[in-house]
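Trainee: A single structure is presented below for examination.
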Amino acid sequence: MKPKQIVKIVIDILMTAVLLLLMAYSLVGEVIHEWLGIGMFVLFILHHVLNSKWTRSLFKGKYTPFRILQTVLVVLALASMLGSMISGVVLSHHALSLLPITGGQSWARTLHMLSAYWGFAFLSLHLGLHWNMMIGMTKRMWKKPPVIRAWIVRAVGLLLAVYGVYAFIKREIGSYMLLKIQFVFFDYEEPLILFLLDYIAVMALFVVVGHYLTGAVRLFRKK
Numbered sequence: 118m119k120p121k122q123i124v125k126i127v128i129d130i131l132m133t134a135v136l137l138l139l140m141a142y143s144l145v146g147e148v149i150h151e152w153l154g155i156g157m158f159v160l161f162i163l164h165h166v167l168n169s170k171w172t173r174s175l176f177k178g179k180y181t182p183f184r185i186l187q188t189v190l191v192v193l194a195l196a197s198m199l200g201s202m203i204s205g206v207v208l209s210h211h212a213l214s215l216l217p218i219t220g221g222q223s224w225a226r227t228l229h230m231l232s233a234y235w236g237f238a239f240l241s242l243h244l245g246l247h248w249n250m251m252i253g254m255t256k257r258m259w260k261k262p263p264v265i266r267a268w269i270v271r272a273v274g275l276l277l278a279v280y281g282v283y284a285f286i287k288r289e290i291g292s293y294m295l296l297k298i299q300f301v302f303f304d305y306e307e308p309l310i311l312f313l314l315d316y317i318a319v320m321a322l323f324v325v326v327g328h329y330l331t332g333a334v335r336l337f338r339k340k
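Put into structure tokens, the structure is as follows:
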């Protein structure tokens, strides 16, 4: 595997980990949350720099159904990331407290919630679109990967996605995405690991949806 591909994988893994920790806002603490947000923005920029070839070809070539889906998700993820960053700057009380910003807390809080939860969904779906490619990279690390291991991975992924449906409802993520609830509820007595496991399951749900959506789009194209 080429060094650039390894760097891409490491950055994507870091982005996934930081994204999950960002969702645990109050459980990790306000100060850590703000610095994680800055770190996420830096990783997001690095991700796009490393994938600049895709960006440069944005207005070139034919747009297939899959390419349209991929581009729409990238644009939506970018919009949610910008929304998170802009609102995060306004809401910052620690990492960016020296900036001369006053007011705007109300609209920034609303934008931050929308951007955070929709961004979580868009980035997870985007991950699902490229799941086959990541599996292919993983396979190249082993010359003859056992068939049973592949089936175990699929089974674990599907089980996580099924539990993800329950976690999505339990955590009221849909209500946050639609602003039916204006403030995120956190149980401060809940261990961080349990919170993260639920969000990992929800992420797995979106990844599976993105993965099978990719298959459906490509199947439609063949027909």
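Count the sequence shown with my numbering and you get residues 118 to 340, in order.
For every residue, glycine included, the Cβ atom is placed at its ideal position computed from N, Cα and C.
All values derive from a computational prediction rather than experimental measurement.
1) Does the separation of the CB atoms of F158 and A194 fall below 8 Å?
2) Looking at the secondary structure, which residues open and close the alpha helix (DSSP H) in which H210 lies?
3) Answer yes or no: does any C-beta atom of chain D fall closer than 8 Å to that of W248?
4) Report the rounded CA-to-CA distance for L277 versus F237, giving the unit in angstroms.
5) What distance in whole Å lies between the Cβ atoms of S201 and H229, which are believed to be in contact at a cut-off of 8 Å?
6) Measuring CB to CB, does V325 end up less than 8 Å from G274?
7) Would you report the Cα separation of Y180 and L246, rounded to the nearest angstrom?
8) Quick one: residues in its chain with C-beta nearer than 8 Å to the C-beta of G161, no 5 flanking neighbours on either side, listed in chain order?
9) What residues in its chain sit with their C-beta under 8 Å from that of T342, if we drop five residues either side in the sequence?
10) Just tell me which of L322, I130, A272 and I269 has its CA closest to the CA of I286.
Mentor: So, from the data block:
1) Your numbering for residue 158 matches position 41 in the sequence shown. Your numbering for residue 194 matches position 77 in the sequence shown. No. Outside cutoff.
2) Mapped onto the sequence shown, residue 210 falls at position 93. Note, H210: premise wrong, no alpha helix (DSSP H); not H, not E.
3) In the structure shown, chain D cannot be found, because there is only a single protein chain.
4) On the sequence shown, position 160 is the one that residue 277 refers to. On the sequence shown, position 120 is the one that residue 237 refers to. One C-alpha to the other measures close to 17 Å.
5) As a first step, residue 229 is located in the sequence shown; it is residue number 112 there, counting from the start. As a first step, residue 201 is located in the sequence shown; it is residue number 84 there, counting from the start. About 6 Å; that satisfies the 8 Å criterion.
6) Working through the sequence shown from its first residue, we reach residue 325 at position 208. Working through the sequence shown from its first residue, we reach residue 274 at position 157. One thing to note: V325 has its Cβ within 8 Å of the Cβ of G274.
7) As a first step, residue 180 is located in the sequence shown; it is residue number 63 there, counting from the start. As a first step, residue 246 is located in the sequence shown; it is residue number 129 there, counting from the start. Whole-angstrom Cα-Cα distance: 16 Å.
8) Against the sequence shown, residue 161 aligns to sequence position 44. For the record, residue 161 in the displayed sequence is Phe; it is not Gly. Answer for F161: M132 and M198, listed in chain order.
9) The structure shown does not extend to residue 342, since the chain spans only 118 to 340, so no value can be given for it.
10) As a working note, residue 286 is residue 169 in the sequence shown. Out of L322, I130, A272 and I269, L322 has the C-alpha closest to the C-alpha of I286.
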